[in-house]
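In the working numbering, the protein residues as written are 127 to 419.
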């Protein structure tokens, strides 16, 4: 998800953590530890220096289950070193909140469609649940409201935090259910091996992608009425040309590794490749173009 959601979620976790373990004397350290742990996984922005394709393939490698405990420990050591006097007895709790916040960041990312490299460096397989868009207003808005309320008053802050967390848990449970239902409806209507991608606004609208050996089939699914609209077919034939270009074009090679549903089209001496998760015209942010060899 987006950075603002991650930071606000870290703040919510910290407030709940402080009250549960009675850590009011080190409140600011708990909050900062939680927020830093929520930011660290996205520090791989430097990968953009190595090209668009490289960034797409390796982005979120910091979410690896092999990196989570190490990064959490380093954050804990840095923050614990700042504790003084009697507060040092709470030092290990800083590791707990760092680890918790980091893991929640990873879950929020996995709940989307981009995918996380959970087994990096041993595998480049990306794990994704396809439940939520990269910016989910039904997650972001409750977090923003909680932050505003907590800045206005400290009274009942923990009770409000509990209510917001309950709302979020119900939301994720609902999205998991409606996503599973969308996949089942698509399967029942003839889509082969379908994937359901969430809409940015309406939780009942899903973008369905099915495929066979020669083509993709996409459609918009309204789960309220079990109705399909805007059914489209995409031929995979031109992908062989993209794969040929990828032999001498590193960015194209990296993009094809990243794309879950690569779709290619030719225009004169150029070839455009898109990932049907994000677009279909080859000219979007998650696209690649190159000259034919």
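The beta carbon of each residue, even a glycine, is placed where N, CA and C say it ideally should be.
- Nearest neighbour of residue 252 by Cα position, chosen from 225, 261, 240, turns out to be 240.
- Only buried fits residue 336, as 16 or more other CB atoms lie within 10 angstroms of its CB.
- Note on residue 214: under 16 other CB atoms within 10 angstroms of its CB, so exposed under the neighbour-count rule.
- Annotation for residue 190: 243, 244, 245, 246 place their beta carbon closer than 7 Å to its own, counting only its chain and skipping 5 residues before and after.
- Contact check for residue 371 against residue 347 fails: the beta carbons are separated by 8 Å or more.
- In the three-state reduction of the DSSP assignment, residue 415 falls in the strand class, which pools E and B.
- Below 8 Å, enough C-beta pairs join the segment 376-393 and the segment 172-183 to call them touching: three or more.
- Around the beta carbon of residue 186, 16 or more other beta carbons lie within 10 angstroms, which makes this residue buried.
- Residue nearest to residue 389 within the set 377, 376, 366, 395 is 366 (criterion: CA-CA distance).
- By the CB criterion at 8 Å, residue 226 and residue 295 fall outside the cutoff.
- Looking only at 201, 193, 405, 230, the smallest Cα-Cα distance to residue 218 is reached by 201.
- When DSSP states are grouped into helix, strand and coil, residue 158 belongs to the helix group.
- Nearest to residue 341 by alpha-carbon distance, out of 318, 333, 274, is 318.
- Burial check for residue 359: the Cβ neighbour count within 10 Å stays below 16, so the residue is exposed.
- DSSP, read as helix, strand or coil, puts residue 214 in helix.
- Spatial neighbours of residue 329 in its own chain (CB-CB distance under 8 Å, excluding positions within 5 residues in sequence) are listed in chain order as 264, 300, 301, 304.
- Contact between residue 291 and residue 175 is ruled out by a C-beta separation of about 38 Å, above the 8 Å threshold.
- CA-CA distance, residue 234 to residue 129, rounds to 11 Å.
- Residue range 341-348 is occupied by the beta strand (DSSP E) that includes residue 341.
- Taken in chain order, the unbroken stretches of alpha helix (DSSP H) that lie wholly in the segment 132-191 and span 4 residues or more are 153-165, 178-184.
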